[in-house]
Amino acid sequence: GQNIDQPTEMTATEGAIVQINCTYQTSGFNGLFWYQQHAGEAPTFLSYNVLDGLEEKGRFSSFLSRSKGYSYLLLKELQMKDSASYLCAVRDSGSKSTFGDGTTLTVKP
Amino acid sequence: EPEVTQTPSHQVTQMGQEVILRCVPISNHLYFYWYRQILGQKVEFLVSFYNNEISEKSEIFDDQFSVERPDGSNFTLKIRSTKLEDSAMYFCASIQPGTGAVLGYTFGSGTRLTVV
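Top line first, the protein sequences correspond to chains A and B. 27 is the number that our numbering gives to position 9 of the first sequence; each next residue is one higher, with no gaps. 40 is the number that our numbering gives to position 14 of the second sequence; each next residue is one higher, with no gaps.
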């Protein structure tokens, strides 16, 4: 089976940096995804890691350690519009993904 | 930017009725998915579809559910006899072969199904 854990809620200040962690225990692994989901909307793809290390895309970076079953999403220069849920998802040996419960990030002025 | 289109955006139905949720995936995508999200809960996999057949399905996807690609563009999810617990947001998703893993899913905007 799949088990994905991430914090339920986080709060950060506009302009700051925040790190959202995700740990996983899965029966197969074919990549880890981060999605952003605003309330009432569909998830949108942010990043993908399949090899260990850091992937950087603008203000967002994602890190993966396969041996530790651990990933984090790093958001820099936070903006108010970054207030959303951030979903960690693991793709197993097939093509489907298992999602975590999501981390609700609130950015305050 | 290409989009996945879902209709209707919101559907209210009585318990026991059949509903069909419709999706038009991105034209050059070959892998199609249905996920659902009960209000306040996680996104859950229902079914994946490739080459005109189901490739994987979850325990949620029981005999009440079916999927079809009736023509070259539409991808439908049918629930034969809806139950109260089927109330959720249903998302259609697709990926492009070869680059799907890198790009992640493209989700449609969803259909909010309310069973009363």
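The C-beta atom is built at its ideal place from N, Cα and C for all residues, glycine as well.
Annotated as distal: D23/A and T44/A, with beta-carbon spacing of 7 Å or more. Residues of chain A with a Cβ closer than 8 Å to the Cβ of E82/B are, in chain order, G112, S113, K114. When C-alpha distances from T62/A are compared across L72/A, F51/A, V68/A, G71/A, the shortest belongs to F51/A.
Look at E59/A here: in three-state DSSP terms it is coil, with no helix or strand label.
Look at G136/B: its C-beta is under 7 Å from a C-beta on chain A. Under the rule that a run must span 4 or more residues, no alpha helix (DSSP H) segment is found entirely inside the stretch 22-59 of chain A.
The beta carbon of Y131/B lies closer than 8 Å to those of Y59, A119, S120, I121 in the same chain, with the five residues before and after it left out. Under the Cβ distance rule, Y90/A does not count among the residues neighbouring chain B, no pair being separated by less than 7 Å. When DSSP states are grouped into helix, strand and coil, K94/A belongs to the coil group. Under the Cβ criterion of 7 Å, V50/B is not counted among the residues facing chain A. Under the 10 Å beta carbon count, P51/B is surrounded by 16 or more other beta carbons and is classified as buried. Secondary structure at K109/B: coil, using DSSP grouped into helix, strand and coil. N21/A counts as exposed, since fewer than 16 other C-beta atoms from the protein chains shown sit within 10 angstroms of its C-beta.
In this structure, F75/B sits away from Y61/B, with a CB-CB distance that is not shorter than 7 Å. Under the DSSP assignment, M41/B falls outside any beta strand (DSSP E); it carries neither an H nor an E label.
Contact of A34/A with chain B is not assigned, every C-beta pair being separated by 7 Å or more. Under the Cβ distance rule, S120/B does not count among the residues neighbouring chain A, no pair being separated by less than 7 Å.
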